[in-house]
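Chemist:
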Amino acid sequence: METLRFLLVTTFYPPYHLGGDATHVQYLARALVKRGHEVHVEFSPAAFRLKTKRKPAPSNRSPDESIHLHPIRSRYGRLQPLSAFLTGQSKGVNRSHEKLVAQTKPDVVHLHNISLLGLGVLPKKPGRKTLYTAHDYWVRCPRSDLFKFGRYPCESPTCFRCGLATGRPPQLWRVGRGWKGMRGIDCAIAPSRFMKSAVERLFRCPVVHLPNFAPDHNPVGTSQTPGDYYLYAGTLEPHRGIVELAAAANGNASRLPLVIAGRGSLEGPLRKLENSDRTNVHLTGWLEASKLEPLYRKAKAFIMPSLSYDNAPLAAIEALSWGAPLLVSHRGGLLELIYDGQTGRSFEPEPMDILRTVERFEAEGLHFKLRQAARKAYESHHHPDSYMTRYVSLVKGLDSIESAGGKPGSPSVPLGPDGDRSS
């Protein structure tokens, strides 16, 4: 097998990370190294410090010594990523990136979340293949999530007012004719069909649907005797429907026993709810993968009640790997993960419909019946081997990638007359 040299470019990378986009980059780096390729990762610790005051998450894993890490140094601290956000450029990032490309001479430059790195990493380097993975809606939304005013899915863009209302200063580079979409990319990857339909207009290259993957940490097979709880794992923020999910469980202990794993701004209110008399919500806090995996395996189902247009959450894919069926909202790419009802059910993200869906799910015995199908869907569409076969074929240009997965989720979001530059 031909050995290739990859440069993965990302704003965040563990332990300097906040979400699944950085975890995916780490999974991809490990999978490439395992298959004999040379991998370099460029990322920004300063961007992590701009986004949060918390310290990088600890890890019990040994360092990935075969992956070459290149943290971008910032002489001006948080001002470097802030400049990239406001103006679309950071001279410090540009210098670091150009120097790294010259030193490593990668065969493939794969861009991921570059929201706080700036547009300077985009220009295509001669003789190198350049890919981009759309982990979120950054190419068309200053918030990156199409969640208008931080309250509901965006159906009619008013980006300037939305940014001001949610404490985000205007991004001057998006104004007028300054932003013409993603140039210098050979191919873009969309982890969901919904994402593909939402962003492909802003690319000047093919956009292919390639479902995300998660490592297979399940050597013991699918559990046919689930426990007595439903599981949510992920960020504890309003856009994930956590308030609605907790309301569904509160006071209905026998109908929706709920375990919530994660951290975020809602952790305090959830702790108070956990300590009340009439609830069956148990909050674990943030968990290492080794402690989260047994919860996946024994859950009746994994619940993802997102209010926003989720793309393809890694937590849901990890749940499938353990044979946990999915209960998800009618939003974004989530519907694609239930594979036309073979691996789960969907609902409107409001308390009563969540409860009704859980009741029907249990009455039909689906917490038993769908477990093998959940694992099979993972093996077919989200296993590392499946992903890497398609990914390497794409990189080498050997053949085209056919979309895999369920039907598209929510309908496409309308664009303004000039993309998302509506005011």
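With the first letter of the sequence shown counted as 1, position 113 gets the number 525 in my numbering; the numbers rise by one all the way through. Where a beta carbon is used, it is the ideal one built from N, C-alpha and C, also for glycine. Since this is a predicted model, take the numbers as computed values, not measurements.
Helix or strand or just coil, what does DSSP make of T755?
Modeler: Looking up residue 755 in the sequence shown gives position 343. Looking at T755 - three-state DSSP - the assignment turns out to be coil, as it is neither helix nor strand.
Chemist: Determine the direct distance from the alpha carbon of R757 to that of S718, and round the result to whole angstroms.
Modeler: Taking the sequence shown and counting its residues from 1, one reaches residue 718 at position 306. Taking the sequence shown and counting its residues from 1, one reaches residue 757 at position 345. If you take the alpha carbons of S718 and R757, they lie about 14 Å apart.
Chemist: Can you give the beta carbon distance from Y549 to A610, rounded, assuming they're within the 8 Å contact cut?
Modeler: Translated into positions along the sequence shown, residue 549 becomes position 137. Translated into positions along the sequence shown, residue 610 becomes position 198. Right, the Cβ-Cβ distance comes to about 6 Å (below 8 Å), so this counts as a contact.
Chemist: Leaving out five residues on either side along the sequence, give the residues of the same chain with a beta carbon under 8 Å from the beta carbon of T415.
Modeler: By 1-based counting over the sequence shown, the position of residue 415 is 3. Excluding residues within five positions, the ones whose Cβ falls inside 8 Å are G448, H449, E450.
Chemist: Please name the residue in G579, I715, I484 whose C-alpha comes closest to that of L529.
Modeler: On the sequence shown, residue 529 is found 117 positions in, with the first residue counted as 1. Ranking the options by Cα distance to L529, first place goes to I484.
Chemist: With a threshold of 16 other CB atoms inside 10 Å of the CB of E477, please say whether the residue is buried or exposed.
Modeler: The residue labelled residue 477 in the question sits at position 65 within the sequence shown. Per the 10 Å Cβ criterion, exposed.
Chemist: Could you tell me which residues DSSP puts in a beta bridge with C599?
Modeler: Taking the first residue of the sequence shown as position 1, residue 599 is located at position 187. Bridge partners of C599: L543.
Chemist: Can the beta-carbon of P623 be found less than 8 Å from the beta-carbon of H742?
Modeler: Within the sequence shown, residue 623 is the residue found at index 211, counting from 1. Within the sequence shown, residue 742 is the residue found at index 330, counting from 1. Against a cut-off of 8 Å, the Cβ pair of H742 and P623 comes out as no contact.
Chemist: What's the C-alpha gap between S677 and S688?
Modeler: Working through the sequence shown from its first residue, we reach residue 677 at position 265. Working through the sequence shown from its first residue, we reach residue 688 at position 276. Taking the straight line joining both Cα atoms gives about 19 Å.
Chemist: For the candidate residues R490, R507, F625, whose alpha-carbon lies nearest to that of H436?
Modeler: One-based indexing of the sequence shown puts residue 436 at position 24. For H436, the nearest C-alpha among the options comes from F625.
Chemist: Report the start-end ranges of each beta strand (DSSP E) in the segment 692 to 734 that is 3 residues or longer and not cut off at the edges.
Modeler: Fully enclosed beta strand (DSSP E) runs of 3 or longer: 693 to 697, 714 to 716.
Chemist: Exposed or buried, which one is Q636 when buried takes at least 16 other CB atoms within 10 Å?
Modeler: If you number the sequence shown from 1, residue 636 lands on position 224. Classification for Q636: exposed.
Chemist: Could you check what DSSP says for S478 in three-state terms: helix, strand or coil?
Modeler: Taking the first residue of the sequence shown as position 1, residue 478 is located at position 66. Three-state DSSP puts S478 in coil, outside helix and strand.
Chemist: So what does DSSP say about L810, is it helix, strand or coil?
Modeler: The residue given as residue 810 occupies position 398 in the sequence shown. With a pLDDT of only 40 at L810, under 50, the local geometry of the prediction cannot be trusted, and the value read off the model is given with reservation. Correct three-state label for L810: coil.
Chemist: Give a yes or no on whether 8 Å exceeds the smallest Cβ distance from H779 to chain B.
Modeler: Included in the structure is just one protein chain, with no chain B present.
Chemist: Can you say whether A658 is buried or exposed, counting buried as having 16 or more other CB atoms within 10 angstroms of its CB?
Modeler: As a working mapping, residue 658 is identified with position 246 in the sequence shown. A658 comes out buried.
Chemist: Per DSSP, which residues does M764 bridge with? Please list them.
Modeler: Locating residue 764 in the sequence shown gives position 352, counting from the first residue. Answer by DSSP bridge pairing: none, since M764 is not bridged.
Chemist: Just to confirm, is the Cβ distance from G596 to K536 under 8 Å?
Modeler: Residue 596 sits at position 184 when you count from the first residue of the sequence shown. Residue 536 sits at position 124 when you count from the first residue of the sequence shown. Against a cut-off of 8 Å, the Cβ pair of K536 and G596 comes out as a contact.
Chemist: Could you give the C-beta distance for V520 and F418, rounded to a whole number, given that I count them as a contact under 8 Å?
Modeler: Position 108 of the sequence shown holds residue 520. Position 6 of the sequence shown holds residue 418. Their Cβ separation, rounded to whole angstroms, is 5 Å, which keeps V520 and F418 in contact under 8 Å.
Chemist: Of all the options A727, N723, G639, which has the alpha carbon lying nearest to the alpha carbon of P673?
Modeler: The residue labelled residue 673 in the question sits at position 261 within the sequence shown. Residue 673 is actually Ala in this sequence, not Pro. Checked all of A727, N723, G639; the closest Cα to A673 is A727.
Chemist: Rounded to whole angstroms, what is the Cα-Cα separation between V836 and T516?
Modeler: Summary: the structure shown does not reach residue 836, with the chain confined to residues 413 through 835, and so no result is reported for it.
Chemist: Quickly, what does DSSP pair F559 with across the bridge? List them, please.
Modeler: Walking along the sequence shown from the start, residue 559 turns up at place 147. Answer is P565.
Chemist: Using C-beta distances below 6 Å, list every residue in its chain close to Q438, excluding the 5 sequence neighbours before and after it, in chain order.
Modeler: As a position in the sequence shown, residue 438 is number 26, starting the count at 1. These residues qualify, in order along the chain: P426.
Chemist: For the segment 633 to 653 against the segment 745 to 756, do three or more pairs of beta-carbon atoms, one drawn from each stretch, fall closer than 8 Å, so that the two count as touching?
Modeler: Result no; under three Cβ-Cβ pairs closer than 8 Å.
Chemist: Taking the alpha-carbon positions, what's the G432 to K608 distance?
Modeler: Taking the sequence shown and counting its residues from 1, one reaches residue 432 at position 20. Taking the sequence shown and counting its residues from 1, one reaches residue 608 at position 196. The straight-line gap from Cα to Cα measures roughly 18 Å.
Chemist: What separation, rounded to the nearest whole angstrom, lies between the Cα atoms of V533 and F497?
Modeler: Residue mapping note: residue 533 aligns to position 121 of the sequence shown, counting from 1. Residue mapping note: residue 497 aligns to position 85 of the sequence shown, counting from 1. Looking at the two C-alpha atoms, the distance is approximately 13 Å.
Chemist: Tell me whether E454 is buried or exposed, calling it buried when 16 or more other Cβ atoms sit within 10 Å of its Cβ.
Modeler: In the sequence shown, counting from the first residue as 1, residue 454 sits at position 42. Classification for E454: buried.
Chemist: Determine the closest residue to S392 out of S456, H629, D722, with distance taken between C-alpha atoms.
Modeler: In this structure the chain extends from 413 to 835, so residue 392 is not present and cannot be described.
Chemist: Going by DSSP, what residue range makes up the alpha helix (DSSP H) through L778?
Modeler: Numbered from its first residue, the sequence shown carries residue 778 at position 366. 778 to 781 is the span of the alpha helix (DSSP H), which, as asked, contains L778.
Chemist: Excluding the 5 residues preceding and the 5 following L430 in the sequence, name in chain order all residues of the same chain whose CB lies nearer than 8 Å to its CB.
Modeler: Translated into positions along the sequence shown, residue 430 becomes position 18. These residues qualify, in order along the chain: F424, F460, K463, T464, T647.
Chemist: Is DSSP giving V632 helix, strand or coil here?
Modeler: Here the question's residue 632 lines up with position 220 in the sequence shown. If DSSP states are grouped into helix, strand and coil, V632 belongs with coil.
Chemist: Mind checking who N741 pairs with in its DSSP beta bridge?
Modeler: Position 329 of the sequence shown, counted from the start, is the residue given in the question as residue 741. Checking the displayed sequence, the identity of residue 741 turns out to be Ser instead of Asn. DSSP lists F759 as partners of S741.
Chemist: Once you ignore the five residues that flank F561 on each side, which residues in its own chain have a CB closer than 7 Å to its CB?
Modeler: Locating residue 561 in the sequence shown gives position 149, where the first residue counts as 1. C574, A577, T578, listed in sequence order.
Chemist: Write down every uninterrupted run of the alpha helix (DSSP H) in the segment 437 to 504 whose length is 4 residues or greater and which is fully enclosed by it, in chain order.
Modeler: Counting whole runs of 4 or more residues, the segment 437 to 504 contains the alpha helix (DSSP H) stretches 457 to 463, 491 to 499.
Chemist: Which residues in the same chain as G753 place their Cβ atom closer than 7 Å to its Cβ, once the five residues preceding and following it in sequence are excluded?
Modeler: Taking the first residue of the sequence shown as 1, we reach residue 753 at position 341. Here the set comprises nothing.
Chemist: Comparing C-alpha positions only, which one of E762, L782, H482, R552 sits nearest to T422?
Modeler: Counting from 1 along the sequence shown, the entry for residue 422 is found at position 10. Checking every option, the nearest Cα to that of T422 belongs to H482.
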